[in-house]
Each structure stands twice: as C-alpha cells, then as structure tokens.
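Right, one structure below, let's go through it.
In our numbering, the protein residues as written are 150 to 527.
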C-alpha cells in the first residue's frame with residue numbers, strides 16, 4: 150500500500166516535468182554528421198635535415214635523409230552533431246587523434262536580433278581556413294600562411310562581419326624559455342583577446358584580424374617579468390568565374406607563447422619554436438612575418454585544382470642576430486567521386502631554410518612529398 154501511494158505521488162509530481170523535458174528535447178532539431186579521412190603519403194627528407202624530424206606519424210618516425218610511407222587514419226576524422234532549438238543552438242564534435250576520441254568542438258550559441266553569443270570550445274576568430282592543403286592531417290598552411298591558434302574554450306560575440314572573443318590563454322612556463330630564471334610560477338590576469346572584421350562583396354572578401362595575450366613569469370624571489378604576444382594582419386579573396394585568388398599577410402611577436410605555431414610535425418618550419426629568449430634578465434622578443442598566396446580553379450563539377458605558397462620569416466631581438474626563412478609550396482587536384490566521397494592527390498615541397506646566428510649558418514634541409522587524402526563524409 151505504501152509503495153502504491155509513493156508511486157502515485159511520484160507520477161503526480163514528476164509527470165509534468167518529464168513531459169516538459171520530452172517536449173523540449175523533441176522540439177530541438179538534431180543533425181548528426183561524420184567524416185572518415187585516410188592519409189596516404191610518401192615523404193622524403195634531405196640529408197641536411199637535423200635530428201628534429203618534421204614528418205612523424207604512428208610507427209614511422211623519420212630520421213635525417215629518411216623516406217617513409219604514411220598510411221593512417223587522420224586524427225581529424227570526426228563525428229558530431231549540430232542542434233537547433235529556436236534562438237539556442239549547440240554543436241559537439243569528436244576527433245580521432247592518435248586513434249583515441251578527443252574533443253574538437255563543444256559549444257552553445259544564443260542568437261538575438263542581429264548578434265549571437267557563443268560559449269564553449271571552437272576555432273578562434275583569427276583562422277581564415279582558406280587553404281585546403283591535405284598533407285599532415287590537413288595542414289591547411291596553418292601558421293605558414295594562415296594564423297591558427299587552435300580550437301579553444303572561449304566566449305565569442307558575433308554581429309554582422311565583426312567577431313570579438315575572450316579566449317583561454319596559452320601559458321608557456323619559464324622552464325621552456327631559453328635563459329629564463331623566472332621558473333617558479335606564472336600569473337595570468339586577463340584572457341587572450343581576438344577580433345576580426347570581414348566584408349564580403351560579389352564573391353570576394355577582405356578580413357582584418359588581430360589578437361593579443363599577456364602573462365607574467367615569476368621567480369623564487371617573487372619578482373616577475375611580463376611576456377606579451379600579439380599578431381595582426383589582413384586576408385582577402387578575389388573571386389572570378391570558376392576560380393579565385395587568396396592572399397594573406399600578418400606580423401606577429403612571440404607566436405610560440407601566443408600558441409600560433411605548429412610543433413612536432415612542423416618543428417623545422419619553426420625551428421625556434423616562435424618563443425622569446427632571455428639575455429640576462431632581459432626578455433628578447435621573437436618577431437615573425439608570414440605571407441601566403443593561393444589559387445584555385447573549378448575545372449568541372451567533380452574536378453578542381455588548387456596551388457599555394459606560404460612563407461615565414463623569423464628574427465630574434467638578441468645581441469647576436471638570429472634569423473630563419475622557410476617556405477612551402479603545393480599543388481593538388483580535388484576529385485569528387487560522389488557527392489560525399491573525395492580523393493585529393495597532392496604533391497608539395499618544404500624548404501626549411503637555414504638558421505643564421507651571427508656568422509654561423511645551420512642548414513635545416515628540405516622535404517618533398519606526394520600522395521593523397523581519401524575522405525568519405527556521412
């Protein structure tokens with residue numbers, strides 16, 4: 150009898166709430182998606198590449214003058230969903246980095262009037278995503294032509310062509326900065342800030358972007374030094390007929406602490422790591438100028454062509470000058486076998502240049518590659 154009464158009370162109290170939840174869930178529009186991507190490339194490095202290999206992957210670490218086959222599931226293969234429920238939306242997306250599920254995106258959005266607010270993890274505003282370079286898990290000229298600081302937790306406001314984001318800062322401890330004695334602690338008081346404005350017209354556009362971050366390194370005597378980093382630049386596209394030309398140029402300072410350099414697989418392109426260094430107790434900034442030019446043409450409904458070149462110049466403000474120039478060039482075909490099935494053959498060349506420090510010069514070698522990406526979206 151007691152159980153019967155408890156059951157009745159539960160039904161009376163909780164049925165309306167359950168019905169409300171069910172109606173809310175039912176009203177939301179869920180759209181699931183996925184993308185399986187395979188990388189199949191042969192890569193050859195030159196004899197003068199130092200023991201800091203650029204191209205690495207599961208089971209195929211490359212040494213100097215090494216050539217190897219990369220045949221693997223790309224880490225940016227993904228599965229996710231978008232959600233719409235009136236003025237509120239959301240998205241989640243998991244990748245397959247290292248063969249394990251990893252969170253790429255998870256955010257909610259609220260649209261109001263002419264603006265929207267995003268809270269969660271997503272691409273930061275500075276990334277233009279104009280290149281479709283596919284080697285190295287869709288390298289996309291990131292940080293060799295197109296600035297990229299990752300998919301990070303942020304609060305982002307968007308209205309018209311303007312975006313402003315407050316982003317989780319990228320903190321590099323003093324122990325990872327050459328010459329630092331400020332290794333006891335780090336203090337960060339404000340988030341990373343990025344802003345972008347984009348204007349579109351007749352298949353063309355221009356976008357102006359910038360970002361800034363600062364934090365302090367602290368030593369055992371509780372004295373500190375500030376580490377500031379920033380970037381700013383402009384990108385544009387000119388569309389004509391079945392083709393288009395993209396151009397990008399930007400300047401940055403201490404991009405390693407900002408979080409806008411590739412590491413590991415692109416270590417030779419940014420041999421200095423984009424980090425500042427200490428001379429005594431003085432922090433010396435690392436300056437970079439990066440530019441790219443890309444051309445694409447749609448040959449038929451199922452066949453397209455793209456080629457691009459990216460260039461990076463680095464200089465450290467040390468008493469003995471330290472500089473490096475490097476570039477990449479590639480060409481590819483985009484072959485659509487079906488509406489959601491594509492193969493992208495691509496060839497390319499990386500020249501890592503030389504690290505020039507005073508009278509010394511260290512050659513960093515080059516690498517050539519050829520292969521294809523295979524992608525099925527579902």
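Positions of the beta carbon are idealized from the N, C-alpha and C atoms, including for glycine.
DSSP, reduced to helix, strand and coil, places residue 284 within a helical segment of the structure shown. Contact between residue 437 and residue 462 holds, since their C-beta atoms are separated by about 7 Å, short of 8 Å. Contact between the stretch 446-462 and the stretch 260-270 is absent, with fewer than three C-beta pairs closer than 8 Å. In this structure, DSSP gives residue 406 a helical state, which the three-state scheme calls helix.
It is roughly 16 Å from the alpha-carbon of residue 382 to the alpha-carbon of residue 408. Distance check between residue 367 and each of 320, 276, 308, 236 places 320 closest, using alpha-carbon atoms only. CA-CA distance, residue 225 to residue 469, rounds to 41 Å. In the structure shown, the three-state DSSP call for residue 372 is coil. Counting other Cβ atoms within 10 Å of its Cβ, residue 425 reaches 16 or more and is therefore classed as buried. DSSP, reduced to helix, strand and coil, places residue 317 outside both helices and strands of the structure shown, so it counts as coil.
Within its own chain, the residues whose Cβ lies closer than 6 Å to the Cβ of residue 377, once the five positions on either side in sequence are excluded, are 363, listed in chain order. Within the DSSP secondary-structure output, residue 176 pairs in no beta bridge. For the pair residue 417 and residue 513, the CB atoms are nearer than the 7 Å cut-off.
Scanning the stretch 414-483 from its first residue to its last, the whole beta strand (DSSP E) runs of 3-plus residues come out as 426-428, 431-433, 435-447, 452-465. Here residue 233 is near residue 178, since their CB atoms are less than 7 Å apart. Short of 7 Å from the beta carbon of residue 491, and not among the five residues preceding or following it, lie these beta carbons of its own chain, in chain order: 483, 484, 485, 524.
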